[in-house]
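S.K.: Taking full-length UniProt numbering, the leading residue of the sequence shown gets 1, the next gets one more, and so forth.
Beta carbons are placed, not taken as given, at the ideal position from N, Cα and C, and that holds for glycine.
Quick one: structure below, then a few questions.
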Amino acid sequence: MYISAQMEDPAKFMIDIGTGYFVEMSNEQAADYFKRKQQYLKKQMETIEKILPEKQQVRNIIMENLKKKIQLLCAHMPAVSELMVVNVMNFAALKLFLVQSWEHVLQLLDIRNKIFVQISCNLTEPTSARGNMGSVEVHVRMSPMAAPTYEDGKLGSKGIELMRVLEILLRDCGVIDLESLCIRKYKQIWSIRVDVHILDDDGSLIDCASVAVLTALVHFKRPDVNVLSDSVIIYGSSQKMPIPLNIYHLPICVSFGVYDDTQPAVLDPTDREEMCLKGTLIVAVNKRHEICTLHQTGNLVLNQDLIMQCVETAMQRAINVSELISSVITDDNLKSGLVSLNILSSHQCEPNELIAPAVKNHALIIGERDDKVLIEEDLIQIGSEDQELIEQIAEITVSQKILDQSYKGRTEMDDVNDLLDSIEENFANSHS
1 MYISAQMEDP AKFMIDIGTG YFVEMSNEQA ADYFKRKQQY LKKQMETIEK
51 ILPEKQQVRN IIMENLKKKI QLLCAHMPAV SELMVVNVMN FAALKLFLVQ
101 SWEHVLQLLD IRNKIFVQIS CNLTEPTSAR GNMGSVEVHV RMSPMAAPTY
151 EDGKLGSKGI ELMRVLEILL RDCGVIDLES LCIRKYKQIW SIRVDVHILD
201 DDGSLIDCAS VAVLTALVHF KRPDVNVLSD SVIIYGSSQK MPIPLNIYHL
251 PICVSFGVYD DTQPAVLDPT DREEMCLKGT LIVAVNKRHE ICTLHQTGNL
301 VLNQDLIMQC VETAMQRAIN VSELISSVIT DDNLKSGLVS LNILSSHQCE
351 PNELIAPAVK NHALIIGERD DKVLIEEDLI QIGSEDQELI EQIAEITVSQ
401 KILDQSYKGR TEMDDVNDLL DSIEENFANS HS
């Protein structure tokens with residue numbers, strides 16, 4: 001780089017030597033400097049060109065050894081089908097963990113992948129194109145602890161691919177009833193936000209993420225609202241029971257790895273297996289045997305028979321995973337519906353505190369028992385604490401009856417006074 005400067009010798013120039021410093025050189029010195037720099041760069045390029053073939057050769061050797069190792073392991077395993085030779089139709093075990101909150105779900109895939117999903121919602125204004133439909137947003141965070149190649153705050157190619165596949169499943173496949181999320185047409189809608197946090201990645205990330213997101217959506221419940229003429233009242237979970245989302249179907253993603261056109265596909269490939277794959281075929285199907293989407297990574301040329309076998313295997317997988325999600329949600333609903341009633345008994349060291357007004361013992365009056373709630377003393381044994389509880393309940397009942405009678409008496413006296421006042425008023429009006 002030449003920079004013209006006002007110097008004593010106009011034939012000299014300021015030359016950038018590449019380290020941020022400028023050196024004063026003449027025309028001959030600059031030409032010699034650039035010539036020597038060009039020779040140095042040529043030597044570096046020759047050295048790099050010699051190293052690259054060696055690295056490529058080492059990489060090919062490692063891939064071949066890994067393929068041989070996989071084929072050797074498969075040779076000792078019983079061949080179940082022609083399609084699944086490597087994994088022998090064995091999927092990784094799925095484990096779902098639901099948090100007590102309606103907004104969180106944690107999934108573990110064969111203790112390999114760990115994904116945390118959080119669902120949230122808020123009221124927003126709809127777009128002009130879809131004023132009567134809610135919206136769904138997907139956000140993915142690739143945690144650096146999931147894999148060494150992930151960077152905090154950056155999705156990368158794998159994160160972008162995961163986010164696009166999830167958006168296709170939730171938006172284009174019609175998983176959620178978006179019209180039910182509309183509060184007031186062209187004014188207010190529910191916006192569902194899906195936050196996917198990748199905690200550990202060991203292959204088949206899209207499969208694990210899709211199951212976690214669908215489970216979280218089925219488990220999520222939005223607040224109940226009351227629509228008024230000029231406003232909307234949002235009720236908390238303590239005021240009104242939240243409302244679950246309307247889920248039409250559950251498209252389950254299944255990944256099939258392909259590393260050779262002549263070899264069958266690999267189910268649920270791990271991260272090491274993905275390094276040797278030429279590409280991946282992702283099939284999303286539901287339990288109704290409907291193909292929701294097909295996604296392909298890499299330059300693959302697959303024949304029709306291989307695709308159909310992958311689809312059939314994915315359909316069976318979707319049925320099993322859908323049943324797992326249903327059983328997990330049903331079990332969670334049963335547990336959340338149970339109410340723990342702490343019954344006072346003489347066997348408890350610290351009985352529950354009675355929420356009742358204090359009464360005096362001399363004012364205790366036990367009335368006649370109702371036949372419907374008659375308890376025969378010869379059938380059970382009542383302890384001292386139970387007897388005290390019965391006496392307090394009886395006292396409360398008597399006090400309530402007295403209050404009712406006094407209130408009834410005051411009501412009758414008020415009616416008589418009103419009648420006398422009306423008679424006097426009529427009499428005064430007639431004489432006037």
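I want to know whether the segment 266 to 274 touches the segment 224 to 236 - three or more CB-CB distances under 8 Å.
M.R.: No contact exists between the segment 266 to 274 and the segment 224 to 236.
S.K.: Assuming His219 and Ile329 are in contact, meaning their beta carbons sit under 8 Å apart, how far apart are those beta carbons, in whole angstroms?
M.R.: Walking along the sequence shown from the start, residue 219 turns up at place 219. Walking along the sequence shown from the start, residue 329 turns up at place 329. Their Cβ separation, rounded to whole angstroms, is 6 Å, which keeps His219 and Ile329 in contact under 8 Å.
S.K.: With burial defined as no fewer than 16 other Cβ atoms inside 10 Å of the residue's Cβ, what is the status of Gly174: buried or exposed?
M.R.: Position 174 of the sequence shown, counted from the start, is the residue given in the question as residue 174. So Gly174 ends up on the exposed side.
S.K.: By how many angstroms is the C-alpha of Val258 removed from the C-alpha of Leu72?
M.R.: By one-based count along the sequence shown, residue 72 stands at place 72. By one-based count along the sequence shown, residue 258 stands at place 258. Spanning the two alpha carbons is a distance of roughly 18 Å.
S.K.: Leaving out five residues on either side along the sequence, give the residues of the same chain with a beta carbon under 7 Å from the beta carbon of Met315.
M.R.: Stepping through the sequence shown from its first residue, residue 315 is reached at position 315. Cβ neighbours of Met315 beyond the five flanking positions: Val285 and His289.
S.K.: Looking only at DSSP bridge pairs, what is Val227 linked to?
M.R.: One-based indexing of the sequence shown puts residue 227 at position 227. Per DSSP, Val232.
S.K.: Going along the chain, which residues of its own chain have a beta-carbon closer than 6 Å to the beta-carbon of Cys253, five neighbours each way excluded?
M.R.: Reading the sequence shown from its first residue, position 253 is the one you call residue 253. Closer than 6 Å at Cβ, skipping near neighbours: Ile206, Asp207, Ser210, Ile282 and Ala284.
S.K.: Assuming Asn65 contacts Ile176 (C-beta within less than 8 Å), just tell me the rounded distance between them.
M.R.: Looking up residue 65 in the sequence shown gives position 65. Looking up residue 176 in the sequence shown gives position 176. In fact, because the Cβ distance is near 47 Å, the residues do not count as touching under 8 Å.
S.K.: Looking only at C-alpha atoms, which of Ser229, Ala318 and Ala146 sits nearest to Gln188?
M.R.: Position 188 of the sequence shown, counted from the start, is the residue given in the question as residue 188. Comparing Cα-Cα distances from Gln188 to each of Ser229, Ala318 and Ala146, the minimum goes to Ser229.
S.K.: For Thr297, which residues of its own chain have a beta-carbon under 6 Å away from its beta-carbon, when the five flanking residues on both sides are left out?
M.R.: Within the sequence shown, the letter at position 297 stands for residue 297. The answer, listed in chain order, is Gly279 and Thr280.
S.K.: For the alpha helix (DSSP H) that His219 lies in, which residues bound it at each end?
M.R.: By 1-based counting over the sequence shown, the position of residue 219 is 219. Element bounds for His219: Leu205 to His219.
S.K.: Would you report the Cα separation of Ser237 and Tyr248, rounded to the nearest angstrom?
M.R.: Here residue 237 refers to the residue found at position 237 when the sequence shown is read from its first residue. Here residue 248 refers to the residue found at position 248 when the sequence shown is read from its first residue. Looking at the two C-alpha atoms, the distance is approximately 25 Å.
S.K.: I'd like the list of long-range same chain contacts for Phe256, defined as Cβ closer than 6 Å, with 5 residues on each side in sequence excluded.
M.R.: Working through the sequence shown from its first residue, we reach residue 256 at position 256. Once the five neighbours on either side are set aside, the close Cβ partners of Phe256 are Ala265, Leu281 and Cys310.
S.K.: Would you mind giving the Cβ-Cβ distance between Ile51 and Val136, rounded to the nearest angstrom? I have them listed as a contact below 8 Å.
M.R.: Within the sequence shown, numbered from 1, the residue matching residue 51 stands at position 51. Within the sequence shown, numbered from 1, the residue matching residue 136 stands at position 136. Their Cβ separation, rounded to whole angstroms, is 49 Å, which puts Ile51 and Val136 out of contact at 8 Å.
S.K.: Buried or exposed for Lys287, going by 16 or more other Cβ atoms inside 10 Å?
M.R.: Residue mapping note: residue 287 aligns to position 287 of the sequence shown, counting from 1. Flag for Lys287 reads buried.
S.K.: Going by DSSP, which residues form a beta bridge with Val285?
M.R.: In the sequence shown, the residue the question calls residue 285 occupies position 285. Ile252 and Ile291, per the DSSP bridge assignment.
S.K.: Can you give me the start and stop residues for the beta strand (DSSP E) that Leu123 sits inside?
M.R.: Working through the sequence shown from its first residue, we reach residue 123 at position 123. Where Leu123 is concerned, the enclosing beta strand (DSSP E) stretches over Asn113 to Thr124.
S.K.: For Ser322, which of Gln400, His295, Asp305 and Ala212 has the nearest alpha-carbon?
M.R.: Locating residue 322 in the sequence shown gives position 322, where the first residue counts as 1. Of the candidates Gln400, His295, Asp305 and Ala212, the one whose C-alpha sits nearest the C-alpha of Ser322 is Ala212.
S.K.: Can you check which of these residues, His295, Ser180, Met163 and Ile183, is closest to Asp195 by C-alpha distance?
M.R.: Taking the first residue of the sequence shown as 1, we reach residue 195 at position 195. Checking every option, the nearest Cα to that of Asp195 belongs to Met163.
S.K.: Rounded to the nearest angstrom, what separates Trp190 and Gln44 at their Cα positions?
M.R.: Here residue 190 refers to the residue found at position 190 of the sequence shown. Here residue 44 refers to the residue found at position 44 of the sequence shown. Computed Cα separation, rounded: 60 Å.
S.K.: From Asp415, Arg317 and Val117, pick the residue whose C-alpha is nearest to that of Leu199; which is it?
M.R.: For the purposes of this step, residue 199 is identified with residue 199 of the sequence shown, where counting begins at 1. It is Val117.
S.K.: Between the C-alpha atoms of Lys12 and Ile48, what's the straight-line distance to the nearest angstrom?
M.R.: On the sequence shown, residue 12 is found 12 positions in, with the first residue counted as 1. On the sequence shown, residue 48 is found 48 positions in, with the first residue counted as 1. So the alpha carbons of these two residues sit roughly 36 Å apart.
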